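In the numbering used here, the protein residues as written are 34 to 489.
Beta carbons are placed, not taken as given, at the ideal position from N, Cα and C, and that holds for glycine.
Since we're looking at a predicted model, the values are computed, not measured.
Working notes for the structure below.
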Ligand code: FHN
């Protein structure tokens, strides 16, 4: 681009120019990230046309496990056959969003990230750049309904947005061997696609979302491949600058990219590293697993399903136990990460009862023990010698005990002269042997999921 034209463009967009030439200070970044680091726990929501299909295609079960938000790709349906079957089954009931917000609030979540558009390409907002959206097909702005409901409960708002788009005629799926497409690898008549026009569309669609729905706290991009990512695939740097120009406080994940500098070591959902250059996003995104030791100084968030599917699948009964989910949250916090736990509402927006039950169980535990999660940082000594985990807040340490050790005494190499049972505020006997604190546990642990003791 000629220098004069470039300088003119930069003059026209001072924010963009500023962002590129003046990287954010660490102090400012810490301030921007502070609420997210304190939150520790968010709810993920996968909801789209796939939710109405619920794991069925042509009236038959497609699968009882795996991501059924990919059902269009699983059955190899072109976008029109897919929409003709899925749209009539997507019937958002009045008040669905209030139900989501209540489930998240009761569980102790501080933020909710929901799909504004998944790979199928159907937009939940009322868009002016596509008619494959809730505005045109349902005469509703579902993004507005959801953001209003979340804010009414004091929850922060996150937009998941798929850069992969199986509907847009110019999305050139042939550019990647690694990104999914409903007919990828099968003989289909591919008229030439101009991917630049798709990327223009993507930028316009995102601009609508960051311009028309108030403060957006998180943008959760999804997802790129090693063979197609970043500026080449999405004009990623420009897209992030535009978003920051409208939403300077926004926190964004790393998935516009798939490079080592953005915390990726490959295509696997667990192929993550502790290397997160803020130029590529704010946090690393391990998926369906918890890193063994955390990710050093990098901010990170594990996203996870409650059964095995992000989108609703009536045939998936492989639900994780509530105790597992509670202990996952503790494990993640003990390593300095956030937990983004998913629900997959049905076609009318109802939250599956199995999800409601598990979120309520987590909420009950958080009501008593939330101080051991919110605003804490990673254990200074890694995993303890007992069956449990440790989190830290300033000079206090929280011992999460999963099982009572033989003999009933906890040994831990941490400072402290006072041990308090969080469940009822009672003091426990504490003696010291050099650097080790010895805490005498009650005969029966008050909480079988995790009993918490604060060491001061
Ligand atoms: O393909 C998506 C998948 O459907 C789901 O949205 C997950 C959630 O993190 N992200 C992609 C797979 O990594």
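Just checking my contact of residue i with residue j at CB under 8 Å: how many whole Å lie between their CB atoms?
| i | j | result |
| --- | --- | --- |
| residue 302 | residue 293 | About 16 Å; that fails the 8 Å criterion. |
| residue 458 | residue 435 | Actually they do not touch by this definition, with Cβ atoms about 21 Å apart. |
| residue 406 | residue 361 | Actually they are not in contact, since the Cβ atoms of residue 406 and residue 361 sit about 12 Å apart, beyond 8 Å. |
| residue 81 | residue 153 | 6 Å |
| residue 332 | residue 316 | 4 Å |
| residue 474 | residue 437 | 6 Å |
| residue 189 | residue 103 | Not really, about 28 Å apart at Cβ, beyond 8 Å. |
| residue 432 | residue 471 | Not confirmed; about 12 Å, so no contact. |
| residue 149 | residue 193 | 7 Å |
| residue 311 | residue 465 | At roughly 42 Å, the Cβ-Cβ gap does not stay under 8 Å, so residue 311 and residue 465 are not in contact. |
| residue 375 | residue 336 | 7 Å |
| residue 201 | residue 155 | Going by Cβ atoms, the distance from residue 201 to residue 155 rounds to 11 Å, so no, they are not a contact pair. |
Among the options, whose alpha-carbon lies nearest the alpha-carbon of residue i?
| i | options | result |
| --- | --- | --- |
| residue 249 | 304, 128, 144 | 144 |
| residue 396 | 346, 138, 85 | 138 |
| residue 279 | 264, 147, 239, 109 | 239 |
| residue 252 | 371, 468, 289 | 289 |
| residue 135 | 325, 383, 258 | 383 |
| residue 267 | 196, 82, 308 | 196 |
| residue 258 | 83, 236, 438, 291 | 291 |
| residue 133 | 381, 440, 70 | 381 |
| residue 447 | 203, 85, 430, 123 | 430 |
| residue 187 | 142, 281, 475, 489 | 142 |
| residue 261 | 124, 211, 335, 308 | 211 |
| residue 230 | 163, 219, 118 | 163 |
| residue 224 | 214, 79, 320, 207 | 207 |
| residue 386 | 350, 336, 263, 402 | 350 |
| residue 359 | 415, 481, 297, 256 | 481 |
| residue 452 | 439, 486, 478 | 486 |
| residue 339 | 209, 320, 332 | 320 |
| residue 516 | 246, 116, 101, 189 | Lying before the first or after the last residue shown, residue 516 is absent from the chain, which here runs from 34 to 489. |
| residue 412 | 287, 234, 364, 310 | 364 |
| residue 255 | 282, 216, 314 | 314 |
| residue 401 | 311, 456, 438 | 456 |
| residue 209 | 328, 394, 161, 300 | 300 |
| residue 140 | 332, 391, 489 | 391 |
| residue 398 | 357, 419, 228 | 357 |
| residue 109 | 215, 172, 475, 283 | 215 |
| residue 450 | 468, 441, 226, 64 | 468 |
| residue 98 | 478, 403, 352, 488 | 352 |
| residue 409 | 427, 418, 417 | 427 |
| residue 100 | 213, 226, 367 | 213 |
| residue 378 | 283, 282, 125 | 125 |
| residue 203 | 445, 461, 232, 112 | 232 |
Which partner residues of residue i appear in the DSSP bridge assignment?
| i | result |
| --- | --- |
| residue 519 | Past the edges of the chain, shown from 34 to 489, lies residue 519, and the structure says nothing about it. |
| residue 297 | 305 |
| residue 94 | 89 |
| residue 74 | 372 |
| residue 66 | DSSP, once it has assigned bridges, lists no residue as partnering residue 66. |
| residue 485 | 433 |
| residue 421 | 434 |
| residue 316 | 286 |
| residue 343 | The partner list for residue 343 (beta bridge, DSSP) is empty, contrary to what the question assumes. |
| residue 460 | 453 |
| residue 471 | 444, 464 |
| residue 426 | 429 |
| residue 334 | 371 |
Going along the chain, which unbroken runs of the beta strand (DSSP E) with 3 or more residues stay wholly within the region 106-172? Within the region 106-172, the complete beta strand (DSSP E) runs of at least 3 residues are 144-150.
At least three beta-carbon pairs within less than 8 Å, the region 268-282 to the region 79-98: No: fewer than three Cβ pairs fall under 8 Å.
Whole alpha helix (DSSP H) elements within the region 225-250, 4-residue minimum: 228-245, all fully within the region 225-250.
Runs of 3 residues minimum, wholly inside the region 245-281: which ones carry the beta strand (DSSP E) assignment? Taking only runs of at least 3 residues, the beta strand (DSSP E) segments lying wholly in the region 245-281 are 251-255.
Stretch-stretch touch, CB-based, cutoff 8 Å, three pairs: the region 119-136 with the region 168-184: When C-beta atoms of the region 119-136 are compared with those of the region 168-184, three or more pairs fall below 8 Å, so the two segments count as touching.
Threshold first: 4 residues or longer. Then list the alpha helix (DSSP H) segments lying entirely within the region 355-412, N to C. If we require 4 residues or more, the alpha helix (DSSP H) runs fully inside the region 355-412 come out as 355-367, 386-402.
Closer than 8 Å is the cut-off here; do at least three beta carbon pairs connect the region 405-425 with the region 158-171? Touching, no, given that fewer than three Cβ pairs across the two stretches are closer than 8 Å.
Would you call the region 69-84 in contact with the region 364-371, where contact means no fewer than 3 C-beta pairs closer than 8 Å? These segments touch.
Any chance the region 342-362 sits against the region 79-88, with 3 or more Cβ pairs inside 8 Å? Flag = yes, the region 342-362 and the region 79-88 touch.
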